[in-house]
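Colleague: First the structure, which I've put down as structure tokens, then a few questions once you've had a look.
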Amino acid sequence: MANHDTGAHKSHGGSFKSYLIGFLLSIVLTIIPLVVVLNDMMSRNATLIVILAMAVLQFLVQLFFFMHIRDEEKPRYNLMTLILAVVILLTIVAGSIWIMTYNMTAG
Amino acid sequence: MAHAASHHDHDHGHHDQEELKTFGFWIFLMTDCILFATLFATFVVLRLNTSGGPTAEELFSMPGIIAETFILLTSSFTSGLAVLSMQKGDKKGLIGWLIVTLALGIAFVTMEITEFVHMVHEGATISTSGFLSSFFTLVGAHGLHVSIGIVWMIALVLQLARRGITSVTKRKVTIISLYWHFLDVVWIFVFTVVYLMGVM
Amino acid sequence: MLDNLKEFASEFFVTGDPLILGAQVSIALTMIAIVIVLTYFKKWRWLWTEWLTTVDHKKIGIMYIIASLLMLFRGGVDALLMRTQLAMPELNFLEAEHYNQIFTTHGVIMILFMAMPLMFGLFNIIVPLQIGARDVAYPFLNSMSFWLFFWGAMLFNMSFVIGGSPDAGWLAYPPLSELSHSPGVGQNFYIWGIQISGIGSLATGINFIVTILKMRAPGMRLMKMPMFSWSVLSSCISIIFAFPILTVTLFLLFLDRFLGAHFFTLDGGGNPMMYINLIWMWGHPEVYIVVLPAFGIFSEVVAAFSRKKLFGYASMVFAMIAISVAAFFTWAHHFFTMGSGANVNAFFAVTTMIIAIPTGVKVFNWLFTMFRGKIQFTTPMMWAIAFIPCFVVGGMTGVLLSVAPADFQFHNSYFLIAHFHQVLIGGVVFGYFAGLYYWWPKMFGFKLNEHLGKWAFWFWNIGFYVCFMPQYLLGLMGMTRRINVYDFDMGWQPLNVVSTIGAFLMGIAFLFQVWQIAHSIKFHKKDTTGDSWGVGRTLEWSIPSPAPVYNFATIPVADERDWWWEEKERREQGIQPKAIPLEPIHMPKNSAIPFIKSLCWFTAGFGFVFNWLWIAIPGLIGVAICMLVRSFQYDTDYYIQVDEIKRTEAALRGAN
Ligand code: HEM
Ligand SMILES: [Cu+2]
Chain C
32 MANHDTGAHK SHGGSFKSYL IGFLLSIVLT IIPLVVVLND MMSRNATLIV
82 ILAMAVLQFL VQLFFFMHIR DEEKPRYNLM TLILAVVILL TIVAGSIWIM
132 TYNMTAG
Chain B
229 MAHAASHHDH DHGHHDQEEL KTFGFWIFLM TDCILFATLF ATFVVLRLNT
279 SGGPTAEELF SMPGIIAETF ILLTSSFTSG LAVLSMQKGD KKGLIGWLIV
329 TLALGIAFVT MEITEFVHMV HEGATISTSG FLSSFFTLVG AHGLHVSIGI
379 VWMIALVLQL ARRGITSVTK RKVTIISLYW HFLDVVWIFV FTVVYLMGVM
Chain Y
141 MLDNLKEFAS EFFVTGDPLI LGAQVSIALT MIAIVIVLTY FKKWRWLWTE
191 WLTTVDHKKI GIMYIIASLL MLFRGGVDAL LMRTQLAMPE LNFLEAEHYN
241 QIFTTHGVIM ILFMAMPLMF GLFNIIVPLQ IGARDVAYPF LNSMSFWLFF
291 WGAMLFNMSF VIGGSPDAGW LAYPPLSELS HSPGVGQNFY IWGIQISGIG
341 SLATGINFIV TILKMRAPGM RLMKMPMFSW SVLSSCISII FAFPILTVTL
391 FLLFLDRFLG AHFFTLDGGG NPMMYINLIW MWGHPEVYIV VLPAFGIFSE
441 VVAAFSRKKL FGYASMVFAM IAISVAAFFT WAHHFFTMGS GANVNAFFAV
491 TTMIIAIPTG VKVFNWLFTM FRGKIQFTTP MMWAIAFIPC FVVGGMTGVL
541 LSVAPADFQF HNSYFLIAHF HQVLIGGVVF GYFAGLYYWW PKMFGFKLNE
591 HLGKWAFWFW NIGFYVCFMP QYLLGLMGMT RRINVYDFDM GWQPLNVVST
641 IGAFLMGIAF LFQVWQIAHS IKFHKKDTTG DSWGVGRTLE WSIPSPAPVY
691 NFATIPVADE RDWWWEEKER REQGIQPKAI PLEPIHMPKN SAIPFIKSLC
741 WFTAGFGFVF NWLWIAIPGL IGVAICMLVR SFQYDTDYYI QVDEIKRTEA
791 ALRGAN
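Chains as they are written, first to last, in this note's numbering: chain C, 32 to 138; chain B, 229 to 428; chain Y, 141 to 796.
So, in structure tokens, the structure goes:
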């Protein structure tokens with residue numbers, strides 16, 4: 032059945048090289064925010080932006096290099112559900128924060 | 229529908245079956261994303277409500293957390309290598325890398341439990357404050373996912389040893405490695421939002 | 141010893157109310173009767189092998205429908221009790237505490253244990269047949285979903301005879317639902333009953349998305365798919381993103397009650413508002429989850445009985461998918477009065493009004509479909525037509541409610557009660573009834589008696605308007621929801637009497653339906669064509685009714701929108717379809733694990749309700765063992781051989 036092995040989740044794509052690149056990138060992307068935070072290098076807001084950006088980048092690295100989202104055959108249902116999930120996820124988190132800032136019971 | 233014993237001329241049908249399951253699992257992961265999103269939202273809303281109890285800064289000791297992070301990162305990589313061996317039809321390599329992944333996973337969970345026990349000893353429990361309730365629940369939910377993954381992976385190693393690489397076991401490995409990468413991604417956000425932002 | 145036992149029993153069982161005592165006695169008698177009947181007719185084995193362990197989507201669907209009709213009965217009795225109490229001022233039929241329990245269980249049961257399973261029943265029976273599949277994508281998981289729902293519903297329903305019912309409203313807002321305000325076990329029943337069945341619903345959502353996206357007949361591109369299947373897809377999209385939120389929210393409430401956490405408590409840094417925020421992130425999509433399939437049903441029924449193609453297919457698809465996603469952006473309109481600030485309120489008021497647009501598009505599509513059609517007034521069609529005015533009025537009062545400043549006036553009044561019953565009964569219940577009547581012959585091979593059905597229809601409809609129209613006025617007159625007594629001098633009595641009369645008319649309508657079903661089982665005429673109404677347009681009508689286990693002996697190439705309609709025309713012109721050779725069919729084996737595992741969940745839930753870990757932990761271990769056993773099972777399916785298919789088909793088709 033090897034001849035069917037062309038799709039994304041079937042072959043689960045990837046070569047050793049791509050896994051290694053992914054791994055190295057995620058190590059770098061973990062170290063950067065650590066250094067920034069532990070050494071108090073930037074202002075609060077700048078730090079926040081940097082560490083969140085690094086987290087998002089690392090998410091993308093895992094997605095591309097480990098989960099091989101790129102290799103999916105058309106129609107790209109995996110990608111579509113992922114995008115929808117991310118949109119709703121952001122709505123849940125950002126929406127809650129927005130709504131709740133007016134209702135914070137300090138304590 | 230899993231694999232039947234006789235599968236000579238129906239291979240194609242089975243193959244589609246396995247692909248179907250992988251897709252379903254992906255959707256399950258998306259629902260799990262939402263589950264964690266809800267926990268994250270709760271944590272972010274409640275994180276400053278320490279109610280006179282310890283704050284994040286007083287509580288977290290970063291060295292342990294950093295170690296946990298790198299352990300989990302590495303295990304995500306090794307689970308990928310397991311899949312790679314599987315693709316080459318290398319059963320020994322596959323089982324080997326899965327065992328390495330398992331060992332790293334167990335190390336991670338052990339460290340996390342130690343961390344929790346330590347906190348509880350210092351009087352920081354789930355009922356201390358809104359902040360700690362949401363902290364223990366979010367991080368605990370991730371830990372529970374990893375633990376379930378460990379049990380599952382052990383079961384899978386046994387099946388692989390018995391049955392070798394078939395289209396069914398192949399699908400199972402694919403799925404668990406997806407799960408493992410996913411847990412790594414969740415951890416990255418736990419690490420960032422809970423720990424880094426906590427001590428920042 | 142005996143005294144101890146007595147004391148325990150008096151706490152364990154709900155005592156002291158004649159109504160409940162009556163219910164307890166009748167439940168005990170019913171159970172004894174069931175056991176006797178099954179034993180006498182030697183039906184235990186049949187029950188086990190044919191039903192409890194089945195993975196056949198059609199049988200699972202039938203079980204869903206039976207369970208949901210029973211729940212409709214229970215929820216309906218609750219409603220009548222409440223309406224009786226409210227008929228007269230200062231009546232003492234239901235105490236405040238009892239009244240609170242009843243509106244809580246009524247709301248939960250109607251939405252989670254009546255509407256959801258009735259919907260899942262229709263999904264199960266129709267979707268695979270409609271898209272030309274032999275089963276759903278994961279038959280085993282499907283059976284698991286059903287049993288999780290079933291045992292969750294049992295756990296919830298138990299509360300009124302054992303331990304005490306929840307009484308904090310159908311969404312269980314804290315702090316009322318917290319241990320500090322509800323120390324009894326009622327809220328625990330609420331949490332675990334919903335939690336267990338909710339996991340099942342989530343699994344169903346995943347199952348049907350995969351089924352629809354990946355298992356359609358060859359040639360059936362998405363844009364050729366029947367509209368009901370589209371509506372199921374859109375509803376399931378909402379399910380998979382909404383139900384995890386519910387799971388987490390209830391779990392957090394559980395942690396508050398069980399471990400003394402401070403998520404939603406008033407002290408210790410908790411925030412009850414967060415619960416309200418989270419529960420509505422699920423709750424609003426939930427409303428669309430149940431109404432979207434009803435839209436799908438209307439589309440099928442209206443097209444079939446107007447003998448026309450559905451007008452505006454593409455816009456309908458677009459509207460449904462748009463709604464299923466947009467449903468996630470409006471949740472805050474449920475708590476405009478919470479004080480989230482003007483910006484928040486303005487934003488959510490606008491999103492709410494926007495979502496009304498695609499809904500409007502649909503109504504026009506149905507009207508245009510009927511326009512100049514050869515309309516046949518069968519019962520399904522009558523339900524579909526009755527839905528339109530009802531839903532339009534309900535929708536308009538909804539838009540009124542979405543005007544944030546006005547909502548400060550209507551919030552928590554009978555205006556709101558009338559509004560949501562109008563969309564829930566007029567939209568959801570009428571819709572599912574239309575589907576049930578329409579597809580009944582597909583499920584059982586015979587039609588329901590139309591004459592009795594029309595009586596039921598008129599009683600339901602007249603009863604509905606008599607019951608709920610006065611409530612709009614009552615709301616404007618200031619009557620608030622969730623009250624069990626009011627004074628004479630409020631002047632609410634006349635309208636309340638009218639409303640109660642309407643409720644009883646609906647009760648009579650339900651009795652007509654029961655009679656209708658019983659009568660039709662006894663006196664039906666067997667359908668031999670498979671296309672029972674003669675107007676079928678989609679694939680499910682091309683196979684015998686009820687469908688054989690494997691549904692399709694050979695799967696047709698369904699590359700047109702109303703494939704069966706076109707096929708019938710072709711056959712009339714003498715063009716016969718190309719015969720496709722039979723092949724062995726791959727089917728899943730039955731399994732006892734879903735039943736047992738769900739029972740373990742039930743056990744665990746029961747243990748947690750009473751805080752008895754010695755029951756809860758074994759239950760959870762049972763769940764884990766079931767999962768592992770399943771993981772090691774490889775021999776899970778079998779083949780139906782060609783000669784057996786031939787025999788079955790000959791028997792089924794031989795009739796005509
Ligand atoms: C069959 C006719 C029905 C009647 C006569 C009826 C009557 C009532 C009454 C009297 C209340 C309590 C109002 C209050 O005191 O606040 C109520 C609440 C409610 N009903 Fe119904 N109902 C019916 C059907 C349904 C259906 C089909 C659904 C859902 C699909 C439903 C969902 C609800 C909900 C969610 C509540 C709110 C419960 C709460 O306040 O927590 N009802 N209904
Ligand atoms: Cu809403």
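Using N, Cα and C, we set each Cβ at its ideal position, and we do this for glycine too.
(1) Let me check one thing: in DSSP terms, what residues is Met727/Y bridge-paired to?
(2) Following a CB-centred definition, is Met222/Y positioned closer than 7 Å to any heavy atom of ligand 1?
(3) For Leu312/B, report the span of its alpha helix (DSSP H) as first-last.
(4) What span of residues does the alpha helix (DSSP H) with Phe286/Y cover, start to end?
(5) Identify whether Phe404/Y lies in helix, strand or coil by the three-state DSSP scheme.
(6) If contacts are defined as beta-carbon pairs under 8 Å, then Leu592/Y and Trp655/Y qualify, I think. What distance do you get, rounded to the angstrom?
(7) For chain B, find out if any of its Cβ atoms is closer than 8 Å to the Cβ of Asn109/C; answer yes or no.
(8) Do Asn624/Y and Ala797/Y have their beta-carbon atoms positioned less than 8 Å apart in this structure?
(9) Identify the contact partners of Phe468/Y in chain C, using a Cβ-Cβ distance below 7 Å as the criterion.
(10) Can we say the region 458-469 of chain Y touches the region 407-415 of chain Y, given the rule of at least three CB pairs closer than 8 Å?
(11) With respect to the alpha helix (DSSP H) encompassing Pro315/Y, which residues constitute its N-terminal and C-terminal limits?
(12) Contact criterion: CB-CB distance below 8 Å. Does Tyr50/C meet it with respect to chain B?
(13) Where do the N-terminal and C-terminal ends of the alpha helix (DSSP H) with Gln89/C fall, by residue?
(14) Given that a residue counts as buried once 16 or more other Cβ atoms are within 10 Å of its Cβ, and exposed if not, what is Lys665/Y?
(15) What does the alpha-carbon distance come out to for the pair Val100/Y and Ile100/C?
(16) Within 7 Å: the Cβ of Thr470/Y and any heavy atom of ligand 2?
(17) Can a CB atom of chain C be found closer than 8 Å to the CB of Asp777/Y?
(18) Does Ser771/Y get closer than 8 Å to chain B when you measure Cβ to Cβ?
(19) Is the separation between the beta-carbon of Gly358/B and that of Gly647/Y shorter than 8 Å?
(20) Are the beta-carbon atoms of Phe517/Y and Gly566/Y separated by less than 8 Å?
(21) Just to confirm the assignment, what range does the alpha helix (DSSP H) spanning Gly642/Y have?
(22) So, for Thr364/B: in the same chain, excluding its five sequence neighbours on each side, which residues have a beta-carbon less than 6 Å away from its beta-carbon?
(23) DSSP on Ser672/Y, reduced to helix/strand/coil?
(24) Among the candidates Ser375/B, Ala265/B, Gly252/B and Val374/B, whose CA atom is the shortest distance from the CA of Asn109/C?
(25) Going along the chain, which residues of the region 84-97 of chain C sit with their C-beta nearer than 7 Å to a C-beta in chain E?
(26) Closest by CA to Phe47/C, which one among Leu287/B, Asp260/B, Phe256/B and Val311/B?
(27) Any heavy atom of ligand 3 within a distance shorter than 7 Å of the CB on Phe153/Y?
(28) Looking at chain C, is there any beta carbon in it that lies within less than 8 Å of the beta carbon of Phe417/B?
(29) Given 8 Å as the limit, is there contact between the region 368-386 of chain B and the region 330-348 of chain B, that is, 3 or more CB pairs closer than that?
(30) Who are the neighbours of Ile100/C on chain Y, taking C-beta pairs under 7 Å?
(31) Under the criterion of a Cβ to heavy atom distance below 7 Å, does Val568/Y qualify as lining ligand 1?
(32) Is there at least one Cβ from chain Y nearer than 8 Å to Ile128/C's Cβ?
(33) Is Ile641/Y close to ligand 1? I mean its beta-carbon at under 7 Å from any heavy atom of the ligand.
(34) Less than 8 Å between the beta carbons of Pro306/Y and Gln327/Y, yes or no?
(35) Comparing C-alpha positions only, which one of Phe300/Y, Ser439/Y and Phe263/Y sits nearest to Asn282/Y?
(36) Taking 8 Å as the cut-off, decide whether the C-beta atoms of His424/Y and Trp471/Y are in contact.
Modeller: The relevant details are as follows:
(1) Tyr778/Y
(2) yes
(3) Met290 to Gln315
(4) Pro279 to Met298
(5) coil
(6) 6 Å
(7) yes
(8) Because residue 797/Y is not part of the residues shown, which for chain Y are 141 to 796, the question remains open.
(9) Ile119 and Thr122
(10) no
(11) Counting along the chain, Pro315/Y falls outside any alpha helix (DSSP H), and DSSP gives it neither H nor E.
(12) yes
(13) Arg75 to Val92
(14) exposed
(15) The shown model of chain Y, from 141 to 796, leaves out residue 100/Y, and the question about it has no answer.
(16) yes
(17) no
(18) yes
(19) no
(20) no
(21) Gln633 to Phe663
(22) Per the sequence shown, the amino acid found at residue 364/B is Phe instead of Thr. Taken in chain order, the residues that qualify are Ile354.
(23) coil
(24) Gly252/B
(25) Protein chains C, B and Y are contained in the structure displayed, whereas chain E is not.
(26) Val311/B
(27) Looking for ligand 3 in the displayed structure turns up nothing; the ligands present are ligand 1 and ligand 2.
(28) yes
(29) yes
(30) Simply none; closest approach about 17 Å.
(31) yes
(32) no
(33) no
(34) yes
(35) Phe263/Y
(36) yes
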